[in-house]
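Asker:
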Amino acid sequence: MDILILFVLIIGGLLLFITEVFLIPGFGVAGIASAASLLYAIYFAFDTLGTQAGWITLGVVFLGIVAITTWFVRTKTVDRLAVKKSLDFRPDPLAGTGLKVGDTGIALTRLTLIGNAEINGHQLEVQSADGFIDERTPIQVSRISNGVVYVQRINH
23 MDILILFVLI IGGLLLFITE VFLIPGFGVA GIASAASLLY AIYFAFDTLG TQAGWITLGV
83 VFLGIVAITT WFVRTKTVDR LAVKKSLDFR PDPLAGTGLK VGDTGIALTR LTLIGNAEIN
143 GHQLEVQSAD GFIDERTPIQ VSRISNGVVY VQRINH
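In our numbering, the protein residues as written are 23 to 178.
1. Assign Thr119 to one of three DSSP states: helix, strand, or coil.
2. I need the straight-line Cα distance from Asp69 to Val43, nearest angstrom please.
3. Less than 9 Å between the beta carbons of Gly169 and Asp125, yes or no?
4. For a test of the three-state rule: what should DSSP assign to Thr134, helix, strand or coil?
5. Only counting runs of 4 or more residues, tell me where the alpha helix (DSSP H) segments fall wholly within the region 25-64, in order along the chain.
6. For my contact list, Leu146 and Val171 are in at a C-beta cut-off of 8 Å; report their separation, rounded to the angstrom.
7. For the candidate residues Ala67, Leu36, Thr159, whose alpha-carbon lies nearest to that of Ile54?
8. Based on the DSSP output, what are the partners of Gln145 in its beta bridges?
9. Run through DSSP, which three-state label would Gly81 get?
10. Return the CA-CA distance between Trp77 and Met23, expressed in angstroms with no decimal places.
11. My output table needs one value for Ala129: the three-state DSSP class, helix, strand or coil.
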């Protein structure tokens with residue numbers, strides 16, 4: 023009867039381990055239950071069946087986990103579960119603004135190299151092309167590069 027209990031604990035623990043690895047990855051209920059079942063199986067073997075049975079049980083559990091993990095990697099299951107799409111979307115912060123070189127506006131914040139400005143009725147993050155620019159200073163777009171708007175103060 024003790025060997026049947028031990029067998030059920032080991033098989034149950036390994037099945038829960040498979041469930042955790044294949045069906046619901048992460049460290050969830052199945053993983054915790056698997057660890058508890060396998061650890062209790064080892065404890066049960068040492069306590070009830072003796073030292074030799076405990077070491078055998080420990081070896082069986084270890085080999086079972088290694089075999090399942092090796093099988094998991096060799097059957098390319100990881101490749102089937104892995105996300106293969108790459109995210110190549112880059113948001114364009116200037117979309118819909120119609121912004122072009124020469125447009126004018128006003129600095130909403132002090133441009134200590136980077137700050138906010140209103141240009142053509144659109145509030146944008148801009149970068150100063152000629153040093154610090156105070157708040158409410160008239161500015162002009164000097165260039166646009168990789169979605170970054172460079173501005174300079176307008177000298178009247």
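Even glycine gets a Cβ: it sits at the ideal position worked out from N, Cα and C.
Answerer: This is what the structure gives:
1. Looking at Thr119 - three-state DSSP - the assignment turns out to be coil, as it is neither helix nor strand.
2. The C-alpha of Val43 is placed about 29 Å away from the C-alpha of Asp69.
3. In this structure, the beta-carbon distance from Gly169 to Asp125 does not fall below 9 Å.
4. If DSSP states are grouped into helix, strand and coil, Thr134 belongs with the strands.
5. Correct list: empty.
6. The Cβ separation is near 6 Å, so the contact holds.
7. Closest by alpha carbon: Leu36.
8. Its beta-bridge partners are Glu140.
9. In this structure, Gly81 counts as helix in the three-state DSSP scheme.
10. About 19 Å.
11. Here DSSP, grouped into helix, strand and coil, assigns Ala129 to strand.
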